[in-house]
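Note that the protein sequences, when read in sequence, are chains B and V. Okay, so the first sequence: first residue is 3 according to the working numbering, each after it adds one. Okay, so the second sequence: first residue is 3 according to the working numbering, each after it adds one. We treat Cβ as the ideally placed atom computed from N, Cα and C, and that holds for glycine. One structure is given below, encoded as structure tokens.
Protein chains: 2
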Amino acid sequence: MQLTLGTDIGGTNTCTGVVDVSGKVIKKASFPTGDYVKAEDYADALARCVRELMAAVEADADEAIEWVGLGIGAPNGNQLSGCIEHAPNLNFKGIVPLADLLKTRLDLPVVKLTNDANAAAVGEKLYGAAKDFDNFIMVTLGTGLGSGIFVNGELVCGESGFAGELGHMTAIPNGRYCGFGRRGSLENYCSATGIRRTFFDMLAQRGGSTALDHLPIAEVTSKHISEAAEAGDAICQETMEYTGRLLGEALASTALVTAPGAFFFFGGPVQRGGVLMNTTRESFEEYLIPTYKNKIQLIESELPSGDAAILGASALAQLA
Amino acid sequence: MQLTLGTDIGGTNTCTGVVDVSGKVIKKASFPTGDYVKAEDYADALARCVRELMAAVEADADEAIEWVGLGIGAPNGNQLSGCIEHAPNLNFKGIVPLADLLKTRLDLPVVKLTNDANAAAVGEKLYGAAKDFDNFIMVTLGTGLGSGIFVNGELVCGESGFAGELGHMTAIPNGRYCGFGRRGSLENYCSATGIRRTFFDMLAQRGGSTALDHLPIAEVTSKHISEAAEAGDAICQETMEYTGRLLGEALASTALVTAPGAFFFFGGPVQRGGVLMNTTRESFEEYLIPTYKNKIQLIESELPSGDAAILGASALAQLA
């Protein structure tokens with residue numbers, strides 16, 4: 003029996019799962035990422051977690067297990083170098099060669115690392131809705147906007163290992179302030195946090211009341227806004243429409259680079275469908291050049307949301 | 003001796019050249035593209051031109067010749083299908099399967115077709131400055147803005163065969179009117195025609211006089227504007243600076259998709275260097291995310307401008 007390991011490194015928890023060839027997660031374990039300040043100590047902890055998982059699965063198995071390898075999805079993960087580079091939400095700063103640290107600690111044929119969105123793209127290709135696509139772009143909407151790109155059946159890493167950073171594209175020249183002293187980046191509009199900012203912008207521009215007026219500002223989430231939009235709240239509807247128009251236009255521009263057969267969407271705001279995805283589709287088709295019109299699909303991810311990150315990471319080891 | 007054929011289909015002339023393995027054009031012939039209304043007649047004429055060239059080279063040669071194949075660079079050429087699709091500046095409308103029409107007329111192992119900018123990218127990779135790059139983007143500035151993209155050492159065609167259409171990216175939302183009812187596309191700003199339009203915009207906004215005031219409007223070209231900018235004319239300098247700022251910003255956004263190691267530039271406006279390229283470099287670095295800063299080169303094409311299109315087309319047959 004062939005099994006693969008996938009690790010999802012989040013700012014809060016590090017979750018590892020054992021995945022079978024059909025893409026089913028058969029056992030999971032996790033520990034708090036923040037417990038470790040030094041990268042070596044963290045690597046020790048992750049290696050221990052992986053070894054314990056492997057031992058537990060082997061103890062339960064009634065046939066021999068062939069371990070394919072370990073894939074890791076990490077913030078700011080560089081697939082070419084196997085390093086985590088300057089991740090803002092992790093304790094270990096600078097450039098951490100995590101794939102190498104784990105190779106020396108584990109006896110596995112493959113240890114690979116990439117960033118979360120690339121892992122999602124590989125997962126969608128191997129286990130999800132992108133199986134039949136050689137040219138596609140995965141878009142993940144959460145706190146930010148991430149992306150992973152396939153060209154000619156291969157994940158695009160680029161010369162630096164950091165291809166697929168669509169969240170930093172300029173959506174509105176001289177628009178909202180982002181990090182790095184830059185302005186108007188797509189993820190400041192089209193992400194869970196971007197939706198929140200647009201909601202406040204609509205409140206400023208339109209005035210009046212909304213269905214969310216009873217909520218403390220700190221508690222307003224994109225989910226509240228999305229749900230209020232579906233229930234007919236005008237300000238929330240405009241918020242989601244504005245988000246969709248910008249997202250559709252940005253994806254229509256992105257399509258000009260690699261001419262994908264489809265975009266896949268992962269993450270709460272987009273997977274809830276509704277106003278946001280309807281407007282995104284309309285705007286996308288409107289901005290496409292004639293050559294592309296009605297030829298590029300916008301498809302919701304088929305990865306199970308709870309296990310998507312682990313599946314994506316494990317798929318990376320499979321594709322090695 | 004291995005020789006390859008390259009054909010450049012322009013709105014005015016169709017030029018074919020015989021290219022040796024070092025990238026030297028050893029013989030050329032051409033005929034007026036507009037003489038033929040039907041695609042079959044045009045294919046007959048092109049096949050005749052190719053056969054005559056081959057015969058002439060064979061007659062002069064003192065060793066046996068192995069013909070590698072024919073590559074064709076055509077407006078709206080689709081490399082996947084070998085068709086010219088809806089080329090606005092050619093007589094034959096609709097979808098013309100030109101590669102197939104020539105395969106049946108010529109006894110060559112390879113006949114391939116692509117668009118002009120893709121051909122330029124392949125030419126730069128095989129014969130020019132891109133030899134050492136597996137991930138790069140070729141940008142061609144002429145009447146419009148074209149591009150050809152390499153990822154992992156391969157030309158990107160995309161699902162439709164029409165990848166690399168950067169000229170249609172939105173540079174200014176709701177900006178200048180383009181074709182197709184779209185607005186604000188990059189090539190309406192960053193191309194020879196775009197530079198002319200910006201010059202008139204600067205005249206409108208700034209008022210005053212320029213070094214080009216003696217010219218009839220119809221005769222003003224991007225070359226005049228570029229030369230006047232270098233000579234110190236304020237309006238022309240601002241025109242070229244505006245062009246460079248937009249081009250740099252657009253390329254910084256494009257870099258986020260495939261993370262190329264370099265952009266290469268072909269065409270009069272960019273290859274003249276000066277204000278335009280200086281401003282493009284400054285703007286590009288300014289808009290890059292920190293991960294990419296000082297890591298992506300902007301390089302002028304090393305293809306000889308007179309033979310670049312033929313070299314690019316012939317390179318396509320070589321890479322087959």
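Distance from the CA atom of ALA119 of chain V to the CA atom of SER193 of chain B, rounded to whole angstroms, is 35 Å. Counting only residues of its own chain and dropping the five nearest sequence neighbours on each side, GLY79 of chain V has a CB closer than 6 Å to the CB of ILE86, LEU115, THR116 and ASN117. The shortest C-alpha to C-alpha distance from SER307 of chain B to any of B:ILE197, B:LEU217 and B:ARG274 is the one to B:ARG274.
Look at the segment 146-164 of chain V: the residues with a C-beta under 9 Å from a C-beta of chain B are SER149, ILE151, VAL153, ASN154, GLU156, VAL158, CYS159, GLY160, GLU161, SER162, GLY163 and PHE164. For ASN296 of chain V, no CB of chain B lies under 8 Å from its own CB, so it is not counted at the interface with that chain. The secondary-structure analysis by DSSP pairs LEU72 of chain B across a beta bridge with B:LEU7 and B:VAL113. Residue B:VAL59 holds the alpha-carbon nearest to the alpha-carbon of MET3 of chain B among B:VAL59, B:ALA47 and B:CYS51. For LEU321 of chain V, the enclosing alpha helix (DSSP H) starts and ends at 310-321. DSSP places THR18 of chain B inside the beta strand (DSSP E), whose first and last residues are 15-22.
Cβ-Cβ distances below 7 Å link GLU243 of chain B to VAL277 and THR281 in the same chain, with the five nearest sequence neighbours on each side left out; the list follows chain order. Within the segment 235-262 of chain V, those residues whose Cβ lies closer than 7 Å to any Cβ of chain B are, in chain order, GLU251, SER255, THR256, LEU258, VAL259, THR260, ALA261 and PRO262. Our two residues, THR145 of chain V and GLU304 of chain B, have alpha carbons roughly 44 Å apart in a direct line. In the DSSP annotation of this structure, the continuous segment of the beta strand (DSSP E) that includes THR142 of chain V starts and ends at 138-143. Within a 10 Å sphere around the beta-carbon of VAL272 of chain B sit 16 or more other beta-carbons, which makes this residue buried. In terms of CA proximity to PRO111 of chain V, V:THR6 leads the group V:ARG185, V:ALA57, V:ILE139 and V:THR6. Contact of ILE291 of chain V with chain B by beta-carbon distance below 8 Å involves GLU167, HIS170, PHE182 and ARG184. For the 8 Å CB-CB criterion, ALA252 of chain B and ILE298 of chain B do not form a contact. Proximity of ASN93 of chain V to chain B, defined by a Cβ-Cβ separation below 8 Å, is not satisfied. Within chain B, no residue has its beta carbon less than 8 Å from that of ASN190 of chain V; the closest one is some 13 Å off.
Beyond the five residues adjoining it in sequence on each side, GLY84 of chain B comes within less than 8 Å, by CB distance, of PRO99, LEU100, ALA101, ASP102, VAL113, LYS114 and LEU115 in the same chain, given in chain order.
Residue environment for THR14 of chain V: exposed (fewer than 16 other C-beta atoms within 10 angstroms of its C-beta). The beta-carbon separation of GLY73 of chain V and ALA317 of chain V, rounded to 7 Å, stays under the 8 Å limit for a contact. Distances from the CA of SER285 of chain B to each of B:GLY250, B:PHE267, B:LEU104 and B:PRO262 were compared; the closest alpha carbon is that of B:GLY250. Using a 10 angstroms sphere on the CB of THR106 of chain V, the tally of other CB atoms stays under 16, which defines it as exposed. In the displayed model, ALA49 of chain B falls within a helix according to three-state DSSP.
The criterion of a C-beta distance shorter than 8 Å is not satisfied by LEU82 of chain B and GLY8 of chain B. Taking every protein chain shown into account, the CB of HIS170 of chain V has 16 or more other CB atoms within 10 angstroms, so this residue is buried. For the pair of segments examined, the segment 253-262 of chain B was found not to touch the segment 219-238 of chain B: the number of CB pairs separated by less than 8 Å stays below three. Between ASN137 of chain V and chain B, the shortest Cβ-Cβ separation is below 8 Å. Nearest C-alpha to MET279 of chain V among V:CYS17, V:CYS180, V:LEU143 and V:PRO77: V:LEU143. Per the C-alpha coordinates, the member of V:ALA165, V:VAL70 and V:ASP37 positioned closest to PRO262 of chain B is V:ALA165. Distances from the alpha-carbon of ILE237 of chain B to those of B:ALA66, B:GLU302 and B:PHE201 put B:PHE201 closest.
When DSSP states are grouped into helix, strand and coil, SER224 of chain B belongs to the helix group.
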